[in-house]
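Accompanying notes for the structure given below.
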Amino acid sequence: MASSTASILWWLDRSFDHALAPLVLLIACLPIGCDPAVQSVHIAVQDNRFVPDHLILTSEKPINLTLMNEGREVHEFDSQLFTAAMTNILTIEPVERRTQRPWRLNPGDRLSITFSAPPGTYVFYCARKGHPGMSGTLVLKSGVSPRPSSSASGRSEPPPRHARR
97 MASSTASILW WLDRSFDHAL APLVLLIACL PIGCDPAVQS VHIAVQDNRF
147 VPDHLILTSE KPINLTLMNE GREVHEFDSQ LFTAAMTNIL TIEPVERRTQ
197 RPWRLNPGDR LSITFSAPPG TYVFYCARKG HPGMSGTLVL KSGVSPRPSS
247 SASGRSEPPP RHARR
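Under the numbering used here, the first residue of the sequence shown is numbered 97, with each subsequent residue one higher.
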């Protein structure tokens, strides 16, 4: 009996090691501190606002910007960023929207744009009539970590205002 118990314990011990070996190997091989090749940003398009509406990203990596219309109204996304000859649009999904501008987003629609652009401050906005003030800012800097600017309530903060003299 002691012999069979020892055999079972040996088998369990051996099986357990084999079961964990791939996981341990995978964890050991994961790159630590590596940045992804593309920066991914998600913007919720809500009625009368973008969330977040102020983003700071690095200009050194391509950006995948995904917009989702979570509101009840139609919105038309646009930016001077995409009119600049220096902006390199890599992909647009859905593909049939590649030539459209501004990009129309019906309620529930998703638009994904992958692009690269030089450092600068770019305004994005809803071009739909009756949606004045529905805008945001994308700041592209050299050598910064990507981050949205939002408050603890989850609402986006407006871009910083210049001090008045």
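Here a beta-carbon is modelled for each residue, glycine too, at the ideal position from N, C-alpha and C. This structure is a prediction, so every number in the text was calculated from the model and none was measured.
So, residue i versus residue j, is the Cβ gap smaller than 8 Å?
i, j, result
"Cys222", "Phe178", "no"
"Ala213", "Thr233", "no"
"Asn160", "Ser136", "yes"
How big is the Cα-Cα spacing for residue i and residue j?
i, j, result
"Ile188", "Glu169", "22 Å"
"Leu207", "His171", "12 Å"
"Thr154", "Thr210", "14 Å"
"Gly216", "Gly229", "21 Å"
Starting from the C-beta of residue i, find all residues in its chain whose C-beta is less than 8 Å away, skip the five residues before and the five after it, and write them out in chain order.
i, result
"Ala133", "Lys157 and Pro158"
"Pro190", "Leu207"
"Leu186", "Pro158, Thr210, Phe211 and Ser212"
Keeping to the same chain, check which residues put their C-beta closer than 7 Å to that of residue i; ignore five residues upstream and five downstream.
i, result
"Glu166", "Ala140, Val141 and Gln142"
"Asp205", "Asn165"
"Arg224", "Val170, His171 and Glu172"
Cutting at 6 Å between CB atoms, please list the residues of its own chain near residue i, excluding the five before and the five after it.
i, result
"Thr162", "His138 and Ser208"
Which residue or residues does DSSP assign as beta-bridge partners of residue i?
i, result
"Phe173", "Trp199 and Cys222"
"His138", "Thr162"
"Lys157", "Answer by DSSP bridge pairing: none, since Lys157 is not bridged."
Do the stretch 195-202 and the stretch 142-156 meet, that is, are 3 or more Cβ pairs less than 8 Å apart? The stretch 195-202 vs the stretch 142-156: no contact.
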